[in-house]
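Chains as they are written, first to last, in this note's numbering: chain A, 1 to 339; chain B, 1001 to 1300.
Accompanying notes for the structure given below.
Here you go:
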């Protein structure tokens, strides 16, 4: 590969993975997972509520542990990896970020919907001021054209972000879609570039490889793909492919495999996999964390959760709008009654 | 003399200021004399001029230079700008109705606490946020029936209706709204979330209110529902397009209510109900203040 930059692994088992376990990791589980992930060799371990700082709520589900316990437990149990947090302006605030910094978080990813980068200005500037490794995180990247996405990325670069991500929150990007976005970023941005994938269309690994080929130097992965929807790019799977392709990195394949198999999978409540519902997320382009909410609402109102997700997609819901699901389920149930 | 209108001005010529201008032009108690901005190319200032309202291009300095222009000032800038302007307005003896989340003065939500004797004598009142105006009445309606331990609101607004001031104040939005959910809504604890949605055509402003009650809300279902219906009608008196979006869900001690706000389409089209809910609240407040000032002046 022409890209000789060190590839930085950002593990999201303890953040995106929170969605898959309805934010219920215990401190003991966080400690155990942090140790194993750290030992496998990844660079950054993100540990926060699935919806980021301040995400613990009725809307998204309450965390089992406090924000302080989640972050400090990760910090205490990582010997070499840096601990990161996610912040969605509108949910989390600069005050949350200051506290996370005091508890030892060294990396922050300031996340906005792909077309709304300008709500991240204050948060990115503050994070840079506090000396954090500051990342701009453009969610639902499939909803913008590559050119539109670049305009938003440039704003985040201007605010001071050192790395900017193409975030495939809905697992809806095809390989060409990913290639065009990353290539355009590479050509026009002077920041590092990252990719966050979801496996809803079974393209988590493939899209991550494409991103690396086009010059991305940060990749999000999680043990056994632990994450929203059909999960993220699985660390052990990506490592295996990178080894075969001789893409240099420092993560230990067997350690990642063992952690995924022996520890991560037994912790799962619902298998993190491609099934008809998570596939529908990728197919219709819906934010992956809507999965469990649509499943529950489908059961409660006696409607097909795929119909809920399809309707949600037509309405253009963005990340964070889980509250729309109940209204849609009610409407579908009423329609059903009158047919 | 009793038909004399009270003079007022708007600071801020963005989405909120301009929408408010249309509403003030129709008031029989307030006379809009000036619109204050800092951007010569602002659409709001051009519209003001077109409607015969004096445009001021040099910010608050223009108001300081001509203090006879207004007794009541509507501030529709940003929390930071109002922080600077508030003491200046006070020195000029002007009453401020603050539509930013600066929260310098006490909160006013007309359907809950706009009482004449409460705001008389105040030189600065705060209109919370659009999300606060849309959700606090619901929380209050529930807390009037059962004690509310926790209130959480999620406001979704269309990207097109969120100007730069709103975007730069996103932290202030959540903090101020959460504070007012307690102080005005009666919740013990609270949280506020806002999302911007770029869908086309733009979405109507939508708010979901989740409430945890101290005792079972389900046991008081009928009272809760009837209290919600009452408050809906009260808010509709000043914002016609305020309505339930989904059926209220009451389970054990959790109540979830969803409301949407269709605007009047005064400045931005009808999707921007988030403008109407706060500008209409400010207009109501301004008219109550004006009535009082008029009486004071007549008495003198």
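Virtual Cβ for every residue (Gly too), placed ideally from N, Cα, C.
Distance, residue j Cα to residue i Cα
i: residue 1264 of chain B; j: residue 1025 of chain B; result: 14 Å
i: residue 1280 of chain B; j: residue 329 of chain A; result: 32 Å
i: residue 1235 of chain B; j: residue 1137 of chain B; result: 8 Å
i: residue 1295 of chain B; j: residue 95 of chain A; result: 45 Å
i: residue 109 of chain A; j: residue 1008 of chain B; result: 44 Å
i: residue 141 of chain A; j: residue 97 of chain A; result: 24 Å
i: residue 202 of chain A; j: residue 30 of chain A; result: 27 Å
i: residue 1129 of chain B; j: residue 163 of chain A; result: 33 Å
i: residue 28 of chain A; j: residue 1121 of chain B; result: 57 Å
i: residue 1291 of chain B; j: residue 1028 of chain B; result: 10 Å
i: residue 170 of chain A; j: residue 138 of chain A; result: 12 Å
i: residue 311 of chain A; j: residue 1052 of chain B; result: 46 Å
i: residue 1183 of chain B; j: residue 13 of chain A; result: 39 Å
i: residue 1072 of chain B; j: residue 1092 of chain B; result: 11 Å
i: residue 1017 of chain B; j: residue 1068 of chain B; result: 20 Å
i: residue 282 of chain A; j: residue 144 of chain A; result: 15 Å
i: residue 40 of chain A; j: residue 244 of chain A; result: 18 Å
i: residue 189 of chain A; j: residue 93 of chain A; result: 27 Å
i: residue 1216 of chain B; j: residue 1250 of chain B; result: 9 Å
i: residue 149 of chain A; j: residue 1004 of chain B; result: 54 Å
i: residue 1245 of chain B; j: residue 331 of chain A; result: 10 Å
i: residue 226 of chain A; j: residue 191 of chain A; result: 28 Å
i: residue 115 of chain A; j: residue 1006 of chain B; result: 43 Å
i: residue 1168 of chain B; j: residue 122 of chain A; result: 7 Å
i: residue 1112 of chain B; j: residue 224 of chain A; result: 51 Å
Buried or exposed by the 16-neighbour rule on C-beta atoms within 10 Å, applied to residue i
i: residue 85 of chain A; result: buried
i: residue 1191 of chain B; result: buried
i: residue 271 of chain A; result: exposed
i: residue 1255 of chain B; result: buried
i: residue 1081 of chain B; result: buried
i: residue 237 of chain A; result: buried
i: residue 313 of chain A; result: buried
i: residue 2 of chain A; result: Residue confidence for residue 2 of chain A is low, a pLDDT of 47 falling below 50, so the modelled location carries little weight; the figure read from the coordinates is stated next. Classification of residue 2 of chain A: exposed, given that the 10 Å Cβ count is below 16.
i: residue 62 of chain A; result: exposed
i: residue 1302 of chain B; result: In the structure displayed, chain B extends from 1001 to 1300; residue 1302 of chain B sits before or after that span and is not available.
i: residue 320 of chain A; result: buried
i: residue 338 of chain A; result: exposed
Nonlocal neighbours in the same chain, by C-beta distance under 7 Å from residue i, ignoring five residues either side
i: residue 293 of chain A; result: 322, 325
i: residue 1001 of chain B; result: For residue 1001 of chain B, the pLDDT reaches just 47, beneath the cut-off of 50, and the residue's location in the model is therefore unreliable, although a value from the coordinates is still provided. Taken in chain order, the residues that qualify are 1298.
i: residue 103 of chain A; result: 68, 71, 72, 75
Cβ shell of residue i (< 6 Å), same chain only, five flanking positions each side left out
i: residue 19 of chain A; result: 50, 228, 289
i: residue 1271 of chain B; result: 1158, 1202, 1204
i: residue 196 of chain A; result: 165, 167, 220
i: residue 1135 of chain B; result: 1153, 1207, 1209
i: residue 1283 of chain B; result: 1023
i: residue 1055 of chain B; result: 1035, 1045, 1048, 1049
i: residue 301 of chain A; result: 329, 333
Contact list for residue i against chain D, beta-carbon separation under 7 Å
i: residue 94 of chain A; result: Among the protein chains in the structure shown, which are A and B, there is no chain D.
Proximal residues of chain B, C-beta to C-beta of residue i below 8 Å
i: residue 89 of chain A; result: 1170, 1171
i: residue 315 of chain A; result: 1199, 1203
i: residue 330 of chain A; result: 1246, 1247
Proximal residues of chain A, C-beta to C-beta of residue i below 7 Å
i: residue 1167 of chain B; result: 118, 119
i: residue 1194 of chain B; result: 90
i: residue 1156 of chain B; result: 321
i: residue 1245 of chain B; result: 327
i: residue 1082 of chain B; result: Result: empty, since nearest Cβ-Cβ is about 17 Å, beyond 7 Å.
Under 9 Å by beta carbon: chain A residues contacting residue i
i: residue 1176 of chain B; result: None at all; the shortest Cβ gap to chain A is about 11 Å.
i: residue 1258 of chain B; result: 323, 324, 326, 327
i: residue 1152 of chain B; result: 57, 58, 59
i: residue 1109 of chain B; result: Result: empty, since nearest Cβ-Cβ is about 21 Å, beyond 9 Å.
Integer-rounded CB distance, given that residue j should sit under 8 Å from residue i
i: residue 1242 of chain B; j: residue 1261 of chain B; result: 5 Å
i: residue 1131 of chain B; j: residue 1194 of chain B; result: 6 Å
i: residue 1258 of chain B; j: residue 1208 of chain B; result: 5 Å
i: residue 1096 of chain B; j: residue 1123 of chain B; result: 7 Å
i: residue 1197 of chain B; j: residue 286 of chain A; result: With a Cβ gap of about 14 Å, residue 1197 of chain B and residue 286 of chain A do not count as contacting.
i: residue 1156 of chain B; j: residue 1275 of chain B; result: That pair is no contact at about 14 Å.
Contacts that residue i makes with chain B (C-beta to C-beta distance below 9 Å)
i: residue 113 of chain A; result: 1159, 1195, 1196, 1197, 1198
i: residue 318 of chain A; result: 1156, 1195, 1196, 1197, 1198, 1199
Contact set between residue i and chain B, taken where Cβ atoms lie within less than 7 Å
i: residue 122 of chain A; result: 1168, 1171
Nonlocal neighbours in the same chain, by C-beta distance under 8 Å from residue i, ignoring five residues either side
i: residue 1285 of chain B; result: 1097, 1108, 1110, 1114, 1119, 1125, 1127
i: residue 1288 of chain B; result: 1114, 1116, 1119
i: residue 1218 of chain B; result: 1250, 1251, 1252, 1253
Interface partners of residue i on chain A, CB under 8 Å
i: residue 1191 of chain B; result: 54, 57
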